[in-house]
Amino acid sequence: YHTIYSVSTASDNKEYIAITGAVINNADYDLKWENYYVAVLLKNGDLVFNYKTAATSGDYANFFTVPAKKTQFTKFCFHTVFKQDDIQSVFLFDKDNMKAFTLAYSKNE
């Protein structure tokens, strides 16, 4: 869902981007989304992570539970402004276990 993309200005007058993503839980149990981050490797070599927002509910919330066999749409926010063409790879980073997982990513043409 990387094409659902917006550039906004935060309260500190700095631009940020929000990319809508889907957290798909195909398991038979609930998934607690807490210390996971999305990392984007840009073609220029920069590795950028989404940041945690102050939201406690809604699209920008960083802590939520995805029920079994359900999908949760959320917005991942980045302080670095980049475009779809700048992306080389996308990863999920599990902070609790210090592991990274490559996510499927394809550019819509």
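FYI, the numbering for the sequence shown is -7 to 101, going by this note's numbering. Glycine included, C-beta positions come from ideal geometry on N, C-alpha and C.
Alpha carbon of residue 55 to alpha carbon of residue 18, nearest angstrom:
Within the sequence shown, residue 55 is the residue found at index 63, counting from 1. Within the sequence shown, residue 18 is the residue found at index 26, counting from 1. C-alpha separation (whole angstroms): 19 angstroms.
Open item on the list: Given the structure, does residue -1 come close to the ligand GTP, in the sense that its CB is under 7 angstroms from one of the ligand's heavy atoms?
Closed with: As for the ligand GTP, it is missing from this structure, which has no ligand bound.
7 angstroms Cβ shell around residue -1 - same chain, five flanking residues per side excluded: Here residue -1 is taken as the residue at index 7 of the sequence shown, counted from 1. Around residue -1: 7, 9 and 73.
Closest Cα partner of residue -4 within the set 51, 31, 5 and 28: Translated into the one-based positions of the sequence shown, residue -4 becomes position 4. Considering only alpha carbons, the answer is 51.
message = In this structure, how does DSSP classify residue 114 when only helix, strand and coil are distinguished?
response = Because the chain spans -7 through 101 in this model, residue 114 falls outside it and cannot be assessed.
Exercise. So which of 32, 57 and 91 has the shortest CA-CA distance to residue 11?
Worked result: On the sequence shown, residue 11 is found 19 positions in, with the first residue counted as 1. Closest by alpha carbon: 32.
(message) According to DSSP, is residue 78 part of a helix, a strand, or is it coil?
(response) Taking the first residue of the sequence shown as 1, we reach residue 78 at position 86. In the displayed model, residue 78 falls within a helix according to three-state DSSP.
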